[in-house]
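Undergrad: With the numbering used here, letter number 234 in the sequence shown gets 235, and the count goes up by one each step, no holes.
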Amino acid sequence: MRALRAEASKLATLPFVWFAVVAGILAPTGIVVITSLTSDPNVDTGFAELGLGVIGAIMLGVVVISSEYTTEGEEAAGSQQITTTLTSLPSRPRVLVAKAGAVVLLTAVLAVAAIAAVFAVAGLLLGDGAPALDGHAVARMGGVVTYWVLMALLGSGLSVLTRSGVVPMVVLVANSSAVTVTYLLALRVPAASYLPDLAGLRMFTHVRTGVEIAPLTGGLIMTAWVAALLLVAGVVFCRRDA
Numbered sequence: 002m003r004a005l006r007a008e009a010s011k012l013a014t015l016p017f018v019w020f021a022v023v024a025g026i027l028a029p030t031g032i033v034v035i036t037s038l039t040s041d042p043n044v045d046t047g048f049a050e051l052g053l054g055v056i057g058a059i060m061l062g063v064v065v066i067s068s069e070y071t072t073e074g075e076e077a078a079g080s081q082q083i084t085t086t087l088t089s090l091p092s093r094p095r096v097l098v099a100k101a102g103a104v105v106l107l108t109a110v111l112a113v114a115a116i117a118a119v120f121a122v123a124g125l126l127l128g129d130g131a132p133a134l135d136g137h138a139v140a141r142m143g144g145v146v147t148y149w150v151l152m153a154l155l156g157s158g159l160s161v162l163t164r165s166g167v168v169p170m171v172v173l174v175a176n177s178s179a180v181t182v183t184y185l186l187a188l189r190v191p192a193a194s195y196l197p198d199l200a201g202l203r204m205f206t207h208v209r210t211g212v213e214i215a216p217l218t219g220g221l222i223m224t225a226w227v228a229a230l231l232l233v234a235g236v237v238f239c240r241r242d243a
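(1) What does a CB cutoff of less than 7 Å around Leu5 pick up in its chain, not counting 5 residues either side in sequence?
(2) Considering only residues of the stretch 19 to 80, which uninterrupted alpha helix (DSSP H) runs meet the minimum length of 4 residues and lie entirely inside it, listed in chain order?
(3) Just to confirm my understanding: we take Tyr70, look at its own chain, exclude 5 residues before and 5 after, and list those with CB closer than 7 Å. What are they?
(4) Which residues in the same chain as Arg95 place their Cβ atom closer than 7 Å to its Cβ, once the five residues preceding and following it in sequence are excluded?
(5) Pro191: buried (16+ other C-beta within 10 angstroms of its C-beta) or exposed?
(6) Quick check on Glu8: does DSSP put it in helix, strand or coil?
(7) Could you have a look at Ser157 and say whether DSSP puts it in helix, strand or coil?
(8) Unbroken alpha helix (DSSP H) runs of length 4 or more, entirely within the stretch 75 to 142: which are they?
(9) From Met142 to Ile214, what does the alpha carbon distance come to, in whole angstroms?
(10) Does the beta-carbon distance from Leu151 to Val233 come in below 9 Å?
(11) Alpha carbon to alpha carbon, how far is Arg189 from Ala9? Give it in angstroms, no decimals.
(12) Over the uninterrupted alpha helix (DSSP H) stretch that includes Gly201, give me the two end residues.
(13) Exposed or buried, Val237, counting other C-beta atoms within 10 Å across all chains shown (16 or more means buried)?
(14) Apart from the five residues on each side of it in sequence, which residues of its chain come closer than 6 Å, Cβ to Cβ, to Trp226?
(15) State buried or exposed for Ser157, treating a residue as buried only when at least 16 other CB atoms are found within 10 Å of its CB.
(16) Quick check on Arg203: buried or exposed, where buried means 16 or more other Cβ atoms within 10 Å of its Cβ?
(17) Taking only the alpha-carbon atoms, compute the straight-line gap between Gly144 and Val113 and give it to the nearest angstrom.
(18) Can you grab the Cα-Cα spacing for the pair Lys11 / Asn176, in whole Å?
(19) Would you check if the distance between the CB atom of Val212 and the CB atom of Tyr184 is smaller than 9 Å?
(20) Considering just the uninterrupted stretch of the alpha helix (DSSP H) at Ile222, what are its terminal residues?
(21) Smallest Cα separation from Phe17: which of Gly47, Met2, Val65 and Val55?
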């Protein structure tokens, strides 16, 4: 628990984390304002926007690892934060578990805040045309939280492997735009529908690629992808030099 608290406190001191929090809330909220004013509501109103707003979660997952490999400057003799982290907590598995725990907690809170903001705005702008907040909608909201958490962990795993935030950030954020590379690929190669981001989206929104995947199945597929990546990242992190 102390390691988890330490990682959570460390995240709170990183300016980019707060930028990610703002982006995670404002991006989907801004998009739902535009779609509510320009398009007729449908069953995916609010949820589709939250799929695009996952960039905030991705940023959080990436920065929790990439910040460890940022050179600290001349006063620290050009050292990296990872050296200090492993000195204070030599157990590398515990370091990764603590970081993953901090990412999960913060991302889940961010997702809930974004959901509340998006549906409050949708309700205000659409009135009676706003999505019904029934049991099915609540279940889909749970899918949003799960998707955001898994995407954040995906970003963390890739950052561990690359020891940098640039490549994971560019790849994952670009692929979470309005028209994703994996979606375009899935239109031609049906097997691509089982890639983690497309499979995970089925938990709360409709993805038309010609392959039907149930929400629970999509969540399990995405979880398996992320678990495999984190396992590989953990082995690499524990075996190589800091």
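Cβ atoms here follow ideal geometry from the backbone N, Cα and C, with glycine treated the same way. Keep in mind it's a predicted model, so treat the numbers as computed, not measured.
TA: Quick answer:
(1) Cβ-Cβ distances below 7 Å link Leu5 to Ala99, Gly102 and Ala103 in the same chain, with the five nearest sequence neighbours on each side left out; the list follows chain order.
(2) The qualifying runs are 48 to 53 and 56 to 67.
(3) Its chain contains Gln81, Ile83, Arg164 and Ser165 as the residues whose beta carbon lies nearer than 7 Å to that of Tyr70, once the 5 sequence neighbours on both sides are disregarded; these appear in chain order.
(4) By the criterion of a C-beta distance shorter than 7 Å, Arg95 is surrounded in its chain by Ala4, once the five residues flanking it on both sides are discounted.
(5) exposed
(6) The three-state reading of DSSP puts Glu8 in helix, counting H, G and I together.
(7) It is helical.
(8) 82 to 89 and 93 to 127
(9) Answer to the nearest angstrom: the Cα atoms are 18 Å apart.
(10) no
(11) For Ala9 and Arg189, the distance between alpha carbons rounds to 42 Å.
(12) Pro197 to Leu202
(13) Val237 is exposed by the Cβ-count criterion.
(14) Pro197
(15) buried
(16) buried
(17) 11 Å
(18) 28 Å
(19) no
(20) Pro216 to Arg240
(21) Measuring from the Cα of Phe17, the nearest candidate turns out to be Val65.
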